[in-house]
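I have placed the structure first, in the form of structure tokens, so that the comments after it can refer back to it.
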DNA sequence: GCAAAGTGGTAAACTGTTTTACCAGTTGAA
DNA sequence: TTCAACTGGTAAAACAGTTTACCACTTTGC
């Protein structure tokens with residue numbers, strides 16, 4: 516196929532310096548200046564405006580001219596220069612995805628799922644995706660503003676930010692098309708597309724309670740994150756509804772990481788030795804917790820149940836496979852991308868979407884063990 | 516901080532329609548046409564060429580003019596329009612990262628690590644990163660060529676492609692700045708930055724052999740991938756060196772996935788019930804294999820050792836923690852990005868770098884069990 | 001029969017930079 | 001002194017598109 520394509524490419528363009536590539540096989544120097552709109556116009560004996568209008572399917576142009584020009588464009592392999600198009604046309608057709616610069620942020624499956632969704636949808640809608648990792652100094656240098664001021668992008672998707680990231684206010688205030696993905700900022704009029712963390716957490720809690728668990732610990736991420744607050748609330752509401760008093764509500768910060776989850780699990784176990792279940796605010800923390808349990812000789816789920824949140828791909832391949840809440844991250848990214856583009860085009864104003872989540876039961880949960888004195 | 520920034524922004528630019536934002540708090544309509552080079556020139560009473568030269572630190576301009584113009588630029592908050600710069604200056608300062616469109620490719624930690632490295636280095640070198648996911652139809656539509664022809668990017672990093680991806684030839688032949696990351700194409704004069712899979716595999720094999728393992732199975736990815744072929748060779752060479760005959764070399768394709776790894780493990784066990792070790796060509800396959808072992812009642816590492824390759828972050832948090840080969844993916848991505856930019860600038864011609872790998876011993880390996888009849 | 005509206009197209013202005021060719025004034029050397 | 005070289009700067013062309021104002025020529029309506 517490579518062969519075939521190259522042959523096509525070699526005899527296709529009848530243009531430029533026009534030298535037939537007789538010496539095929541030798542590396543063709545890319546001096547070959549590409550065909551421009553002006554070249555096409557000249558060859559077709561029409562004005563550049565006409566060619567441009569043909570390209571943009573402007574009805575002003577007659578059927579005959581349309582066809583004539585199109586054929587020529589095809590024949591010479593003309594491709595409009597995106598940069599020139601952007602310069603005059605107000606849009607770059609590029610959107611950026613921004614993540615906080617943690618340790619190798621893009622290696623996080625959570626972000627990866629969202630980004631995959633964004634990328635797929637962007638492609639379908641004729642847009643390109645740029646990735647940005649926001650270190651503190653990045654923000655201090657106002658690079659986030661430059662993204663728009665210097666016309667790198669038309670819009671921006673925010674992944675993994677929370678109420679503490681004050682720089683988001685700069686973006687909102689300037690009225691740039693910006694969306695928060697899978698989180699929302701109550702203090703900012705910032706559009707968002709999120710998944711229903713509250714609903715998912717409620718399902719999980721009622722499932723755990725049904726299994727007889729009453730000593731449940733929660734490991735969650737930063738409470739500056741609105742969706743994590745929703746999780747905490749659902750957790751507390753669940754326990755309260757079965758009569759567990761607030762002082763026995765156990766919440767630990769697991770910093771969204773495996774290591775944090777392990778540490779939080781340890782802390783929870785020391786706070787309540789009778790713990791029979793640990794609810795992780797995401798799968799990574801849950802896996803860290805599970806790892807800790809195994810290390811200290813607790814069998815999951817026989818001695819203690821562990822649950823996660825997000826349903827990232829490999830939760831099905833840990834031992835035991837993790838009971839979790841499915842969060843449609845891929846779809847969420849896709850929808851966010853679509854809404855952002857709508858916003859860019861001025862088709863909608865404020866974005867506010869919620870996607871459903873649901874419980875996925877696997878092997879890390881079981882009926883609460885009898886509370887005996889052996890522990 | 517958001518507050519502070521906005522105040523700065525509100526009284527900074529003395530430009531455009533010049534209306535003071537008296538009605539602060541109301542959404543400022545972004546009609547505020549940005550300051551252009553021409554505006555700055557007019558205000559400074561110099562030519563646009565002068566301002567441009569100041570910006571580009573051209574020594575032609577006197578110290579006095581330099582300072583005068585710089586101050587003005589600062590005061591009015593002028594930022595050069597990147598699109599216009601690209602249009603005239605030959606470079607876009609954007610590089611693309613391309614991955615094959617598998618299931619949610621960006622959610623793969625392997626790619627994520629590489630991309631994180633690329634992104635960090637690109638930022639430091641003043642470049643932006645675009646992500647592209649190459650479906651078959653993407654290639655059929657020649658979108659990979661358009662990336663260059665339409666001037667979306669200056670260069671391209673290829674992640675996860677192999678000898679079967681013939682379209683790479685199109686790119687090479689046209690002489691575009693393209694690099695393969697962590698793999699190489701023997702048939703193509705395609706530059707690359709890779710990690711030493713052969714060396715890592717050799718270390719792993721000598722470690723396993725030292726533990727007394729002789730019945731070792733290999734689960735690897737597509738043999739169209741050169742680095743996986745290196746792995747296979749090292750595996751075979753290792754076994755041969757201790758006198759294991761070729762017909763007892765057991766290789767299965769695990770398709771780089773957990774599920775594939777599990778299936779391959781099953782197949783290996785059936786081919787050789789005396790198996791005491793499984794060498795996974797990447798961590799995902801190893802984890803799939805380990806999951807399978809546990810499911811069929813084999814204890815890792817007591818009954819069977821399992822090892823991985825890559826050392827992705829959460830291998831330390833599975834049960835048992837995985838013995839693997841550390842592959843500096845993040846650094847590899849970074850170096851590849853830097854080399855690509857060198858290539859774009861014409862500073863180097865053919866890229867060919869190899870990064871070292873090393874064994875990481877954790878808990879999934881142990882001395883080979885006695886070969887008894889119980890299995 | 002004649003003004004108004006519609007058709008299909010064009011020339012030129014515009015987007016915001018970089019770069020090149022040129023120029024006036026100063027300095028240096030023969 | 002006189003030509004050459006240097007200094008600091010400018011005007012204008014280039015980059016490759018889109019968009020606008022206008023134009024000549026039919027149609028249409030009354």
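Chains as they are written, first to last, in this note's numbering: chain A, 516 to 890; chain B, 516 to 890. Using N, Cα and C, we set each Cβ at its ideal position, and we do this for glycine too.
Note to self: In the DSSP assignment, the alpha helix (DSSP H) including residue 554(A) goes from what residue to what residue?
What the structure shows: Note, residue 554(A): alpha helix (DSSP H), 552-559.
Next item on the list: Taking C-beta pairs closer than 7 Å, name the residues in chain B that residue 595(A) reaches, listed in chain order.
Entry: Counting only Cβ-Cβ distances below 7 Å, residue 595(A) has contacts in chain B at 665, in chain order.
Next item on the list: Please report how far the alpha carbon of residue 662(B) lies from the alpha carbon of residue 769(A), in whole angstroms.
Entry: Annotation: residue 662(B) to residue 769(A) spans about 42 Å, alpha carbon to alpha carbon.
Note to self: For residue 688(A), count the other beta carbons within 10 Å of its own beta carbon; 16 or more makes it buried, fewer makes it exposed. Which is it?
What the structure shows: It counts as buried.
Check: Between residue 585(B) and the ligand ADP, is the CB less than 7 Å from at least one heavy atom?
Finding: Among the components modelled here there is no ligand, and therefore nothing to report on the ligand ADP.
Next item on the list: Please compile the residues from chain B whose C-beta is within a distance smaller than 7 Å of the C-beta of residue 767(A).
Entry: Result: empty, since nearest Cβ-Cβ is about 17 Å, beyond 7 Å.
Check: With 16 other CB atoms within 10 Å as the buried threshold, where does residue 535(A) fall?
Finding: For residue 535(A), the pLDDT reaches just 33, beneath the cut-off of 50, and the residue's location in the model is therefore unreliable, leaving the point undetermined.
Note to self: Suppose only complete runs of 3+ residues qualify. What are the beta strand (DSSP E) ranges in the segment 656-699 of chain A, listed by chain order?
What the structure shows: Taking only runs of at least 3 residues, the beta strand (DSSP E) segments lying wholly in the segment 656-699 of chain A are 670-674, 693-696.
Notebook entry, point to check: Do residue 807(A) and residue 781(A) come within 8 Å of each other at the CB atom, strictly closer than that value?
Noted result: Residue 781(A) is a Cβ neighbour of residue 807(A), given a cutoff of 8 Å.
Next item on the list: Can you have a look at residue 669(B) and say buried or exposed, based on whether 16 or more other CB atoms are within 10 angstroms of its CB?
Entry: Buried: at least 16 other Cβ atoms inside 10 Å.
Item checked: Per DSSP, cross-strand counterpart(s) of residue 645(A) -> DSSP lists 611(A), 645(B) as partners of residue 645(A).
Next item on the list: Note down the Cα distance separating residue 882(A) from residue 718(A), rounded to an integer number of angstroms.
Entry: Cα to Cα, the separation comes out at about 16 Å.
Note to self: Between residue 851(B) and residue 617(B), how many whole angstroms is the CB-CB distance? I'm expecting something under 8 Å.
What the structure shows: About 20 Å separates the two Cβ atoms, so there is no contact after all.
Note to self: Going by beta-carbon coordinates alone, are residue 830(B) and residue 839(B) separated by less than 8 Å?
What the structure shows: Closer than 8 Å, so yes.
Next item on the list: Confirm, please, whether the CB-CB distance from residue 864(B) to residue 835(B) is below 8 Å.
Entry: Contact: no.
Note to self: Using C-beta distances below 7 Å, list every residue in its chain close to residue 561(A), excluding the 5 sequence neighbours before and after it, in chain order.
What the structure shows: Contacts found: 580, 584.
Item checked: residue 822(A) - DSSP class collapsed to helix/strand/coil -> Residue 822(A) falls in the strand class under three-state DSSP.
Margin query: Buried or exposed for residue 607(A), going by 16 or more other Cβ atoms inside 10 Å?
Written below: Its Cβ being crowded by 16 or more others within 10 Å, residue 607(A) is buried.
Check: For chain B, is any of its Cβ atoms less than 8 Å away from the one on residue 678(A)?
Finding: With 8 Å as the cut-off, residue 678(A) does not count as an interface residue toward chain B.
Notebook entry, point to check: Taking Cβ positions only, does residue 864(B) come closer than 8 Å to chain A?
Noted result: No, no contact with chain A.
Next item on the list: Note down, in chain order, each residue of its chain lying with its Cβ closer than 6 Å to the Cβ of residue 576(B), except the 5 sequence neighbours on either side.
Entry: The answer, listed in chain order, is 568, 569.
Margin query: If you reduce the DSSP assignment to three classes, tell me which class residue 740(B) lands in.
Written below: In the structure shown, residue 740(B) sits in coil (DSSP, three-state: anything other than H, G, I, E or B).
Margin query: Determine, for residue 754(A), whether the minimum Cβ-Cβ distance to residues of chain B falls below 8 Å.
Written below: Taking Cβ atoms only, chain B never reaches closer than 8 Å to residue 754(A), which makes this a no.
Notebook entry, point to check: Does any C-beta atom of chain A lie closer than 8 Å to the C-beta of residue 834(B)?
Noted result: At least one chain A Cβ lies under 8 Å of residue 834(B).
Next item on the list: Starting from residue 855(A), follow the beta strand (DSSP E) in both directions and report where the run begins and ends.
Entry: For residue 855(A), there is no enclosing beta strand (DSSP E); the residue is part of the alpha helix (DSSP H) that begins and ends at 844-859.
Note to self: Which runs of the beta strand (DSSP E) at least 3 residues long sit entirely within the segment 714-779 of chain A? Give them in chain order.
What the structure shows: DSSP runs (the beta strand (DSSP E)) wholly in the segment 714-779 of chain A: 731-735, 765-768.
Checklist line | Proximity test, Cβ basis, 8 Å: residue 710(B) and chain A | finding: Cβ-Cβ to chain A under 8 Å: no for residue 710(B).
Check: From 586(A), 733(A), 828(A), 739(A), pick the residue whose C-alpha is nearest to that of residue 751(A); which is it?
Finding: Checking every option, the nearest Cα to that of residue 751(A) belongs to 733(A).
Note to self: Run through chain B and tell me which residues come within less than 7 Å of residue 634(A), C-beta to C-beta.
What the structure shows: Within 7 Å of the CB of residue 634(A), the CB atoms of chain B belong to 621, 646, 648, in sequence order along the chain.
Item checked: Whole-angstrom distance between residue 708(A) and residue 870(A), CA atom to CA atom -> Rounded to the nearest angstrom, the gap between the Cα atoms of residue 870(A) and residue 708(A) is 8 Å.
Next item on the list: Give the secondary structure of residue 865(B) by DSSP, where H, G and I count as helix, E and B as strand, and everything else as coil.
Entry: It is coil, neither helix nor strand.
Checklist line | Closest by C-alpha distance to residue 594(B), when choosing among 666(A), 802(A), 626(A) | finding: The residue from 666(A), 802(A), 626(A) with its alpha-carbon nearest to that of residue 594(B) is 666(A).
Check: Shorter than 8 Å from the beta carbon of residue 605(B) to some beta carbon of chain A?
Finding: Not an interface residue.
Checklist line | Close-in-space but distant-in-sequence residues of the same chain around residue 764(B) (CB under 6 Å, 5 per side omitted) | finding: Within the same chain, and ignoring the five residues on either side of residue 764(B) in sequence, the residues whose Cβ sits closer than 6 Å to its Cβ are 751, 754.
Notebook entry, point to check: Are residue 742(A) and residue 712(A) closer than 8 Å when you measure CB to CB?
Noted result: Result yes, Cβ atoms of residue 742(A) and residue 712(A) sit closer than 8 Å.
Item checked: Residue nearest to residue 553(A) in terms of C-alpha spacing, selected from 814(A), 587(A), 572(A) -> Taking only the C-alpha atoms, the option nearest residue 553(A) is 587(A).
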